[in-house]
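Reviewing the structure listed below.
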Amino acid sequence: MKWTAIFFVWIASWSSSLLAIPAQIIIIRHAEKIPHQKDPSLSQKGKERAAAFIAYFTGDPGVLEFGPPVAIYAQRPSRAFDSLRPIETVQGLAKALNIELNTKYHSNEYMHMLREIMVEPEYTGKMVLICWQRYAIPNMAAALRVVSAPKEWPGSAFDRNWMINFYTREGPSFRNVPQKLMFGDSAK
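Numbering (the working numbering), first residue to last: 650 to 837.
Put into structure tokens, the structure is as follows:
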């Protein structure tokens, strides 16, 4: 794992003009789960949020600066994290966009996923969406050299976008943006 982190930092340190990098990565947590239960699926509210993502990621100008997602990555279930929620959250969006949902990475394999995203020529200048469990999201932001991201994702937050833009002069920029999709979502 250590060599992977060193390699990724080395890759990320190159100039964006030398790499095929996406213009933006948006990271979201899976949608709502059933509280205090081991159920690996979304709650009813989570299913509603997942359905709302279709219009949101195809028509909301606030998230379409670089167009709709050209790739969607969702965490694959494993023994350590057997949840289907990341996949259930974005599978409808992937179907609506007619793109294959990438589910080949487990919760602890996010460094491999990020390396793939950062060197894939088809993603150059475009937006990539990642849906994951909350514990790894701050580590992803840190691996992408985002210093202003929070160090943890709150357990009650299902309504945020972590928007990381790479097409800036100062290095990756970060915005923690409310989705404002459903009743009770954060206003700011």
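Backbone N, C-alpha and C define an ideal beta-carbon position, used for all residues, glycine too.
Neighbourhood of residue i by C-beta distance below 8 Å, restricted to the same chain and skipping five residues each side
{"i": "SER665", "result": "The predicted position of SER665 is uncertain, since its pLDDT is 43 and thus under 50; a value taken from the coordinates is nonetheless stated next. These residues qualify, in order along the chain: PHE815, TYR816."}
{"i": "LEU830", "result": "ARG698, ALA701, PHE702, TYR705, ASP808"}
{"i": "GLY741", "result": "ALA699, ALA700, PHE702, ILE703"}
{"i": "ASN788", "result": "TYR759"}
Coarse secondary structure for residue i, derived from DSSP in three states
{"i": "PRO671", "result": "strand"}
{"i": "ASN810", "result": "strand"}
{"i": "LEU742", "result": "helix"}
{"i": "ARG734", "result": "helix"}
Candidates the options, of which the one nearest residue i by Cα
{"i": "ALA680", "options": "ALA806, ARG728, ILE786, ALA720", "result": "ALA806"}
{"i": "GLY708", "options": "GLN828, LYS837, GLY833", "result": "GLN828"}
{"i": "ALA723", "options": "ILE676, TRP802, LYS687", "result": "ILE676"}
{"i": "ALA672", "options": "MET812, PRO689, SER835, PHE832", "result": "MET812"}
{"i": "ILE766", "options": "LYS744, ALA836, ARG794, ILE721", "result": "ILE721"}
Cutoff 6 Å; reference residue i; Cβ partners in own chain excluding five residues on either side
{"i": "LYS694", "result": "GLU681"}
{"i": "HIS755", "result": "ARG725, SER727"}
{"i": "SER797", "result": "PHE823"}
Close Cβ partners of residue i (< 7 Å) along its chain, the five nearest in sequence each way excluded
{"i": "GLU758", "result": "none"}
Q) Touch check for the segment 715-723 and the segment 765-783: three-plus C-beta pairs under 8 Å? A) yes
**Q.** Secondary structure, beta strand (DSSP E): runs of 3+ residues fully inside the segment 756-801
**A.** 776-781
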